[in-house]
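Below: one structure, written as structure tokens.
This is the structure we're talking about:
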């Protein structure tokens, strides 16, 4: 049976801006209120999709969510026409307007947790859209992510969709950014590594984090594993190192990445890391190769600054015994990190044979690297054919998207520009055209209002 790993990248919206809304995300905080370039951000994301497509991977995209979120503005007490809502919010609570204009849905690693049919009791592919309750600007993504994924993967014979977990601190869930699957190959059953930052209902002997919040709870990860009907003997729960969280590792995918039987991580990724790695090896019916980077080589500060561990690790379709790094260019410009990657590539004892450095500066300045921008889904041939085909990448689609971006996106967006009433129309016009290009129908609230 042929199984493909599909990467669904988030297409950056015309509202891409730097508002510094995310506690514990150091890049976001450092670049707060600086000018962004939505056009460049979208083109950089499209270039990434084009690279993976041309390498032979299955590549798709998820469209931006509707912004500004007029319903959220209304819930926050800003009434009137859209222009009036935006004007009132900018005048009295600009930080709330920035949240309602957030483009953070581009990081689709937080859209959902996905379990492939190879691993589930009912042999269906399971999705749970993340509730993202830790931040106002992100919690608004949950319902649309659920609706969108259900629209794209809409055949109940193959796909099972679960509502976001209850919006409670007890079940705080940040999606696939805290979940990894290890397997001999994409064609074989695997084990699931769920990483959490805190246990909500019990007191832990290990204190912290102290500076930044832990976003994922053990209770949320356990609920997803149950809902997805995963074999408990093939599931590992690991606690994220609170020291790493306080250094800016707000999701596990900032400190560890897995692909097939390879796990690449920092030595300070988990609490009791040796025990976690032992449990992984015991539960796997295949050898797991671990590449652990020690702090003397690359410390946590350097790991976060370069997003080394937020690289994608992919299996090369034309050489399935080999893998490649898809790394941000920041890894290339840091000599210590580049030397490490060069050594890994030269070492014949691991499957990584090459690295591709990508300019994703617009996303990186908001705290999102290559792995943040994609949601991985292992699909059989039948499942791939059963999903909505028009979000799957072709060279023609990417060409159309580049033209669409050049027509609709600004090349500069400042905090003050969020008050511009023209920006509302620009965003909605772009999304209206995009939904037609992708043949998704009236997926956005403003389209439903017009048609209703």
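Numbering (my numbering), first residue to last: 1 to 452. Glycine included, every Cβ here is placed at the ideal spot set by N, Cα and C.
Legend entry - Contacting residues, own chain, Cβ-Cβ under 6 Å from residue 296 (five flanking each side not counted): Reading the chain shown from its first residue, position 296 is the one you call residue 296. Nothing listed; no residue qualifies.
Inset, instruction - Might you give, ordered along the chain, the residues of its own chain that have their beta carbon closer than 6 Å to the beta carbon of residue 410, omitting 5 neighbours on each side? - result: Numbered from 1 along the chain shown, position 410 holds the residue referred to as residue 410. Answer for residue 410: 38, listed in chain order.
Legend entry - residue 489, enclosing beta strand (DSSP E) - first and last residue: Outside the displayed range of the chain (1 to 452) lies residue 489, so it cannot be described from this structure.
Inset, instruction - Would you check if the segment 340-350 and the segment 4-15 touch, i.e. whether three or more CB-CB distances between them fall below 8 Å? - result: no
Inset, instruction - Would you tell me roughly how many angstroms separate the C-alpha atoms of residue 387 and residue 91, rounded to the nearest one? - result: Counting from 1 along the chain shown, the entry for residue 387 is found at position 387. Counting from 1 along the chain shown, the entry for residue 91 is found at position 91. Rounded to whole angstroms, residue 387 and residue 91 show a C-alpha spacing of 44 Å.
Inset, instruction - Tell me whether residue 364 is buried or exposed, calling it buried when 16 or more other Cβ atoms sit within 10 Å of its Cβ. - result: Here the question's residue 364 lines up with position 364 in the chain shown. Counting Cβ neighbours within 10 Å, residue 364 comes out buried, since at least 16 surround it.
Legend entry - Cα-Cα separation between residue 247 and residue 307, rounded to whole angstroms: The sequence position of residue 247 within the chain shown is 247, counting from 1. The sequence position of residue 307 within the chain shown is 307, counting from 1. Between residue 247 and residue 307, the alpha-carbon positions lie close to 13 Å from each other.
Inset, instruction - May I ask you to report which of helix, strand or coil DSSP gives residue 152? - result: Stepping through the chain shown from its first residue, residue 152 is reached at position 152. If DSSP states are grouped into helix, strand and coil, residue 152 belongs with the helices.
Legend entry - Where the alpha helix (DSSP H) through residue 191 begins and ends: Along the chain shown, read from residue 1 onward, the residue named residue 191 stands at position 191. No alpha helix (DSSP H) holds residue 191; the beta strand (DSSP E) holding it covers 190-196.
Inset, instruction - For the alpha helix (DSSP H) containing residue 432, list its first residue and its last residue. - result: Walking along the chain shown from the start, residue 432 turns up at place 432. Where residue 432 is concerned, the enclosing alpha helix (DSSP H) stretches over 421-437.
Legend entry - Contact belief for residue 314 with residue 324 at Cβ below 8 Å, rounded distance in angstroms: As a first step, residue 314 must be located in the chain shown, where it is residue number 314. As a first step, residue 324 must be located in the chain shown, where it is residue number 324. Correct: roughly 5 Å between the Cβ atoms.
Legend entry - Inter-residue spacing [alpha-carbon to alpha-carbon] between residue 347 and residue 113: As a working mapping, residue 347 is identified with position 347 in the chain shown. As a working mapping, residue 113 is identified with position 113 in the chain shown. Distance between the alpha carbons of residue 347 and residue 113: 33 Å.
Inset, instruction - State the CB to CB distance for the pair residue 195 and residue 238, rounded to an integer number of angstroms; the pair is presumed to be in contact (CB under 8 Å). - result: In the chain shown, counting from the first residue as 1, residue 195 sits at position 195. In the chain shown, counting from the first residue as 1, residue 238 sits at position 238. Contact flag correct, Cβ pair sits at about 5 Å.
Inset, instruction - Just list the alpha helix (DSSP H) runs in the segment 24-83, keeping only unbroken ones of 4 residues or longer that don't cross its boundaries, in chain order. - result: 26-30, 38-54 and 70-75
Legend entry - Of the listed residues 80, 223, 260 and 217, nearest to residue 169 (C-alpha basis): Mapped onto the chain shown, residue 169 falls at position 169. Selection 80, 223, 260 and 217 evaluated against residue 169 yields 217 as nearest (Cα-Cα).
Legend entry - Span separating the alpha-carbon of residue 263 from that of residue 309: Taking the chain shown and counting its residues from 1, the one referred to as residue 263 is at position 263. Taking the chain shown and counting its residues from 1, the one referred to as residue 309 is at position 309. Distance between the alpha carbons of residue 263 and residue 309: 10 Å.
Inset, instruction - Would you check if there are 3 or more beta carbon pairs closer than 8 Å linking the segment 123-142 to the segment 172-185? - result: yes
Legend entry - Rounded separation between residue 53 and residue 107 - CA only: On the chain shown, position 53 is the one that residue 53 refers to. On the chain shown, position 107 is the one that residue 107 refers to. Going by the C-alpha atoms only, they are around 19 Å apart.
Inset, instruction - Please list, in chain order, all residues of the same chain as residue 384 whose beta carbon is under 8 Å from its beta carbon, the five residues on each side excluded. - result: One-based indexing of the chain shown puts residue 384 at position 384. So the list reads 4, 6 and 58, once near-sequence residues are dropped.
Inset, instruction - Kindly identify the DSSP beta-bridge partner or partners of residue 132. - result: As a first step, residue 132 must be located in the chain shown, where it is residue number 132. Looking at the DSSP assignment, residue 132 forms no beta bridge with any residue, so it has no partner.
Inset, instruction - With a 10 Å radius around its C-beta and 16 neighbouring C-beta atoms as the bar for buried, classify residue 210 as buried or exposed. - result: As a position in the chain shown, residue 210 is number 210, starting the count at 1. Classification for residue 210: exposed.
Inset, instruction - Please report the residue range of the beta strand (DSSP E) in which residue 328 lies. - result: Here residue 328 corresponds to residue number 328 of the chain shown, with the count starting at 1. Per DSSP, residue 328 belongs to the beta strand (DSSP E) from 319-328.
Inset, instruction - Ignore the nearest five residues each way along the sequence and tell me which others in residue 322's own chain have a CB closer than 6 Å to its CB. - result: Position 322 of the chain shown, counting from 1, holds the residue named residue 322. If we look at residue 322 and ignore the five residues flanking it on each side, its Cβ neighbours are 316, 351 and 353.
Legend entry - Span of the alpha helix (DSSP H) around residue 344: Locating residue 344 in the chain shown gives position 344, counting from the first residue. Run containing residue 344: 335-346, per the alpha helix (DSSP H) assignment.
Legend entry - Alpha-carbon to alpha-carbon, residue 224 and residue 299: As a position in the chain shown, residue 299 is number 299, starting the count at 1. As a position in the chain shown, residue 224 is number 224, starting the count at 1. Answer to the nearest angstrom: the Cα atoms are 32 Å apart.
Inset, instruction - Report all residues from its chain with a CB closer than 8 Å to the CB of residue 221; omit the five preceding and five following residues, and keep chain order. - result: Walking along the chain shown from the start, residue 221 turns up at place 221. Within the same chain, residue 221 has close Cβ partners 173, 178, 179, 194, 195, 196 and 237.
Legend entry - Candidates 349, 87, 305 and 361, of which the one nearest residue 335 by Cα: Residue mapping note: residue 335 aligns to position 335 of the chain shown, counting from 1. Comparing Cα-Cα distances from residue 335 to each of 349, 87, 305 and 361, the minimum goes to 305.
Legend entry - Sufficient close CB pairs (3 or more, under 8 Å) joining the segment 251-263 to the segment 146-153: Touching, no, given that fewer than three Cβ pairs across the two stretches are closer than 8 Å.
Inset, instruction - Note down, in chain order, each residue of its chain lying with its Cβ closer than 6 Å to the Cβ of residue 418, except the 5 sequence neighbours on either side. - result: Taking the first residue of the chain shown as position 1, residue 418 is located at position 418. Residues 97 and 101 of the same chain have their beta carbon placed closer than 6 Å to that of residue 418, with the five preceding and five following residues left out of the count.
Legend entry - Cβ shell of residue 292 (< 7 Å), same chain only, five flanking positions each side left out: Translated into positions along the chain shown, residue 292 becomes position 292. 265 and 267.
Legend entry - Burial state of residue 391 (16 or more Cβ within 10 Å): Against the chain shown, residue 391 aligns to sequence position 391. Per the 10 Å Cβ criterion, buried.
Legend entry - Whole beta strand (DSSP E) elements within the segment 173-247, 3-residue minimum: 179-183, 190-196 and 235-239
Legend entry - Per DSSP, the bridge partner or partners of residue 352: For the purposes of this step, residue 352 is taken as residue 352 along the chain shown, with counting starting at 1. Paired residue(s): 323.
Inset, instruction - Can you tell me which of 50, 423, 1 and 320 puts its alpha carbon nearest to the alpha carbon of residue 397? - result: In the chain shown, the residue the question calls residue 397 occupies position 397. If we check each option's Cα against that of residue 397, 50 comes out closest.
Inset, instruction - Could you spell out where the alpha helix (DSSP H) holding residue 256 opens and where it closes? - result: Your numbering for residue 256 matches position 256 in the chain shown. Not the alpha helix (DSSP H): residue 256 falls in the beta strand (DSSP E), residues 256-259.
Legend entry - Residue from 183, 270 and 230 whose Cα sits closest to the Cα of residue 208: On the chain shown, residue 208 is found 208 positions in, with the first residue counted as 1. The residue with the shortest Cα to Cα distance from residue 208 is 270.
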